[in-house]
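Colleague: Below is one structure. I have some questions about it.
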Amino acid sequence: MKRGLEPALVIELAALAAIAVLAWVLGGTATTAWLARVGRLDGYQAPDIDAVRRLARQAALLFTVGIAVLAVARVVCYRRARDPIRVPWLLPATLAACLLGLVIHHATVEVSGGTVLLPSAAGFAQGVLLGCVIGAVLLVLPVDLAELAIRARIPIALTIGAIFLALAVLGSGPAGSGTRINLGPIQPIELVKPLAILFLAAFLGARASKLRWQRRRFLGLRWPRLELLVPALLVLVLIVAGLYVIGDLGPVLLLAFVFLGMFYLVSRATGWAVLALAVVALLLVILGRWPELAGGGTVQTRLRMWHDPWSNGLTFGHQLGEGLWAVAAGGYAGQGLGEAAIPVLPAGKTDLMLATMTEQLGVLGLLAYQLLLAAIVLGCLRVASQARTAERSLIAGGVAILVLVQWIVIQAGTLGQLPLTGIVVPFLSSGRSSMVVFLAIVAMVVRLAADGPPREPSVELGELHAGVRGMTVVVAVAVALAVLAGIAAAIVGRHATSARGIVTRLGDGVLVQRHNPRLLALITKIQRGTIADRNGAPLATSTSPTARSYPLGAGLGTLLGVHPTRVLLPAWSLERLFDHRLRGYPEHADGPRYRDFDARAGAGALPSPDLRRFAKLLDLDRDARVRAVAALDADVPARSVTLTIDAALQARVAKLLAAVQGKRVAAAAVVMDVDTGQVLARAQVPDYDPNAPAWQAHVLANDAPYLARFRGAYGEWPDKTGVHGMFQSGSVAKLFTALAAVKAGSATATFPCTERDQQGPYFTRPGWPKPIHDHAGDRNHDNPGIVEAIAVSCNVYFGQLGLAIGREPLIALRAAGVDVGFSGDLDPGDPGSRQLASTAFGQGVMVMSTMQAARLVAAIASGGTYRRCPPTMELAAACPATPLVDDPVAIAPIVAGMRRVMTAGTGAGLRAPAGLRVYGKTGTADVRGFRGEEPFGIKRAQVASPHSWFVAFAEPASATENAVGTPGRLVVVVVVPRGGTGASAAGPIVMQILGAAKELGYLGGAP
């Protein structure tokens, strides 16, 4: 007898119709969101808008046709039913879950190779249509599906075996994954799931009575007899062994739980359930602890990701962490349709579809999906608890178990609570095979519901139904826990999750730390802070987040560096030193280090920016987030740095140095304020222009001839005012020896300079290999004191002074903080040795940079106070001051000697700028060629021109001459490598720099 349209069926059909309407409405909304997001993308080729709209309509039409076909079949099936089991929500819940998937496929933007791909909704809808058609066939097929499964159990078993065999022999998977889940374009493993349910239902249903009554109690639990328990465990182990056949954990885990659950339903053996769960859990623990047991490829990678999603250091080991980022980004209400991160998650339309959905729809979308799945599972269990035969009950129960386990396993994998398994998200993922299977098995359960309850109750069937009701309670608890786990993962600690980095390897093995692209997209909209001079003039400034300019050009290149850069900047680069401040966020102090992943690697840390302050911005809607980022972008002063450099003076100094290019290989200069120790200018030639970083291409290409000069001693790259500008200091070092003598109280001594040979004045001691000499053209200096010895730069005097005071005062002065030479202990030579004498007048270990020399001269000019400002040259930074002498007056002989250099000594030929009084010291440093000079035509050990040094401090001419500690003085130091004598090359540049400083308002001048 045929049935009419009862209210329950009308409501069911109305729900299906509403879903069809929503497919058009929400599809249109999602497509509009997709187009809006694509419209905001820069640098991508987008598809034609009409083509996108046309595909959206096609997807909605296919989806609607599928619903219509299924609805018609549902009416036919319902009218045939005698006394159906009422589950009117089952098909609507299933199609509603599919609707969620359709909307996400409409809205998710995918890009590839600079091109925006068309939305995948039409392909998804094709899978829905095909599944609905097959489901409709199952609903109206005039055969008993349960009876058919019973009759075909042997062919079903053979088919399952054949599929596994075909996959083992011919199966393939993604390149490098090690899986064998595909046969051409299809995934036959999806077909194994319903076939396994049908086979187990037929096999166990026929033995239900035997399995149910042959039980024993042990430890308070019911157990199958041993002769039944052992085969069941062997079947479970054989299923797990399928991992090594197909190389994929997901299907194996699903089949194991399906067998476990269906065996429990038919036996109600609680002991079996506990033991089987323990076996599966033990296997997971073993694989988690020793993932290599799972073989290579994807399964092992997933197990290692499960153990540590953030610091596994694996190639492709970032997938789980990226999924957690997406879930955390979703928050309560999601980022909105079309607002998923670009590029989309790896496997974001398949394995991690749940994360993709949660990112856009948030916890609310996730909860809606979970409730729909719960409705499907509980609907299937309702049918199982009332079905009229054991086989029907087991089929419906098996479908419930399959949907539940696949949902929980993929959700737990997405949230890092279980290993990722590669299985799809039911009703959401893009795979057509899985969509067809899931729609078909739900339709099959609806068809079994139409067969109605048993005509007459039986004890055996009652036991089976009781087992289903017991499982329903367990399932309800599992569903509740799954819902809570999903909500907790998306809400609790989401900001910390969003800000974490993922240590992984690129395809070429390079270790990197990936960062959340959602946060990177925010910080790339924030322009870099300004590096300003002491007066606020920009030295490095950004006009937008992507444009940065350097007003001084090559006048301040290597010292500033360049941003953005494709080359690791050197340690002295201010763009690198101030990077955290300029970009607006710090680095994690406890970030991962290279040696944590490779014992052979260095101790350096991977870049690990602390992005936590930006994670909360993901909670805002798009407009509010844009406003918040704009406010951060506008607050440039909070990210800016002010230097002690005077831009105008720096430009003048750089221009003066540039005049020597073509005549000399290089030059470097430092201007320092004596009272503060702050650097006012620090320039070199050659230098590169940060506005034109074409040199980076040569570096990345490892252009050896280019790099030999670029990175050589006189190239643009080295900081020739700092550690890479260390040159033999020559007679400039006599100031160091004089200061050591003053500190030791031995500055009043005189020493004879009366002996002479063909090389000029000399001094020697028995046992020395050769004497020490003054320059050949020098006269004998008789018996000079320290003032005269400084003025005429007498090597003979300072050699004897060094021998007289010994090595300890030199070492003590270095220990007091006066910086000379490279790092490490200063070894001036043994007492009485020629090495000690040579050190005292500027040979041997006496090498200096212009910065070291400037600090030394500033200490003399200030009355014996040594100031060392940090290398960052930040204006607000403290400059520790160290008194070197108890009484500043003790410095007076050195001051007088430096003044006498300019009036009657080695610098007397130099013309001081009008209105200034200059105190100077020449340096002519003889040294043979070294390796770094080879690209510049000077061979190693070759006799070459000396380095030209000149150091000076100046004061207004109105100041008291030779006074100690006169305020307002400036220090200028210049070195011209291979420039000749100190007075001939470096000296004139110093005078020009002092004149420029006066013109700019220093030293009493009017700006």
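For the sequence shown, our numbering begins at 687 and goes up steadily by one. All C-beta atoms in this analysis are idealised placements derived from N, C-alpha and C, irrespective of residue type, glycine included.
(1) Of the choices Pro1032, Leu939, Gln1521 and Asp1219, whose alpha-carbon is the least far from that of Pro1455?
(2) Relative to the C-alpha of Leu1696, which candidate in Ala1354, Ala1314 and Ile790 has its C-alpha closest?
(3) For Cys1439, name the three-state secondary structure that DSSP assigns.
(4) Around the C-beta of Pro1566, are 16 or more other C-beta atoms found within 10 angstroms, so that it is buried, or is it exposed?
(5) Classify Trp976: buried if its beta carbon has 16 or more other beta carbons within 10 angstroms, exposed otherwise.
(6) Flag this pair as yes or no: are the beta carbons of Ser1116 and Glu876 separated by less than 9 Å?
(7) Alpha carbon to alpha carbon, what distance is there between Ala1427 and Ile1675?
(8) To the nearest angstrom, how far is it from the Cα of Leu929 to the Cα of Val1110?
(9) So, helix, strand or coil for Gly1690, using DSSP?
(10) Assuming Pro1574 is part of the alpha helix (DSSP H), what are its boundary residues?
(11) Among the residues of its own chain, which have a CB less than 8 Å from the CB of Leu708, if the five just before and after it don't count?
(12) Between which residues of its own chain and Glu1301 is the CB-CB distance below 7 Å, once the five residues before and five after are set aside?
(13) At 4 residues or longer, what runs of the alpha helix (DSSP H) sit wholly inside the segment 945 to 989?
(14) Which residues share a DSSP beta bridge with Phe1413?
(15) May I ask you to report which of helix, strand or coil DSSP gives Leu929?
(16) Between which two residues does the alpha helix (DSSP H) carrying Ala1012 extend?
(17) Could you spell out where the beta strand (DSSP E) holding Gln1370 opens and where it closes?
(18) If we ignore side chains and look at the alpha-carbon of each, how far apart do Pro1579 and Val1533 end up?
(19) With burial defined as no fewer than 16 other Cβ atoms inside 10 Å of the residue's Cβ, what is the status of Leu1167: buried or exposed?
(20) Locate the beta strand (DSSP E) running through His1633, then write down its first and last residues.
(21) Between which two residues does the beta strand (DSSP E) holding Leu1602 run?
(22) Leu824 to Arg1299, Cα distance in whole Å?
(23) Do Trp1011 and Leu1059 count as a contact pair if the criterion is CB distance below 9 Å?
(24) Contact between the segment 1357 to 1374 and the segment 1317 to 1336 is defined here as three or more beta-carbon pairs at a separation below 8 Å; is this criterion met?
(25) Please report how far the alpha carbon of Gly1007 lies from the alpha carbon of Leu1292, in whole angstroms.
(26) Excluding the 5 residues flanking Leu1000 on each side, which residues of the same chain have their C-beta closer than 8 Å to its C-beta?
(27) Check the DSSP bridge columns for Glu1647 and list the partner residues they point to.
(28) Could you pull out every residue in the same chain whose Cβ sits closer than 7 Å to the Cβ of Ile735, ignoring the five residues on either side in sequence?
(29) Counting only the same chain and skipping the five closest in sequence on each side, list residues whose C-beta sits under 6 Å from that of Glu796.
(30) Who are the near neighbours of Leu1561 in its chain, counting only those whose CB is closer than 8 Å to its CB and skipping five residues on each side?
(31) Quick check: what's the CA-CA separation for Gln1444 versus Leu1343?
(32) Of the choices Ala1640, Lys1420, Ser1259 and His792, whose alpha-carbon is the least far from that of Gly1691?
(33) Taking the straight line between their C-alpha atoms, what separation do you get for Ala1135 and Pro770?
(34) Suppose contacts are defined by Cβ-Cβ distances below 9 Å. Is Ala1257 in contact with Gly1618 by that definition?
(35) Name the two residues that bound the continuous beta strand (DSSP E) containing Trp1656.
(36) If I'm right that Ala635 touches Thr1044 with Cβ under 8 Å, what's the distance once you round it to whole angstroms?
Modeller: Judging by the given coordinates:
(1) Gln1521
(2) An answer regarding residue 1696 cannot be provided, because it is not within the stretch 687 to 1693 covered by the chain.
(3) strand
(4) exposed
(5) exposed
(6) no
(7) 30 Å
(8) Its pLDDT being 48, under 50, Leu929 is placed unreliably in this model, and the value from its coordinates should be taken loosely. Straight-line Cα distance between these residues: approximately 17 Å.
(9) coil
(10) No alpha helix (DSSP H) holds Pro1574; DSSP gives it neither H nor E.
(11) Leu785
(12) Checking the sequence shown, residue 1301 turns out to be Ala, not Glu. Contacts found: His1181, Ser1184, Ala1185 and Leu1205.
(13) 956 to 975
(14) Met1534
(15) The predicted model places Leu929 with a pLDDT of 48, which falls under 50 and marks its position as unreliable, so this point remains unresolved.
(16) Gln1005 to Gly1016
(17) Val1365 to Val1371
(18) 24 Å
(19) exposed
(20) His1633 to Pro1642
(21) Leu1602 to Ala1611
(22) 55 Å
(23) no
(24) yes
(25) 17 Å
(26) Thr987, Arg990, Met991, Thr1190 and Arg1191
(27) Bridge partners of Glu1647: none, in fact.
(28) Leu721
(29) Leu803 and Val1030
(30) Arg1220, Thr1328, Leu1329, Thr1330 and Gln1364
(31) 37 Å
(32) Ala1640
(33) 6 Å
(34) no
(35) Note that residue 1656 is Leu in the sequence shown, not Trp. Residues Leu1656 to Val1662.
(36) With the chain covering only 687 through 1693, there is no way to say anything about residue 635.
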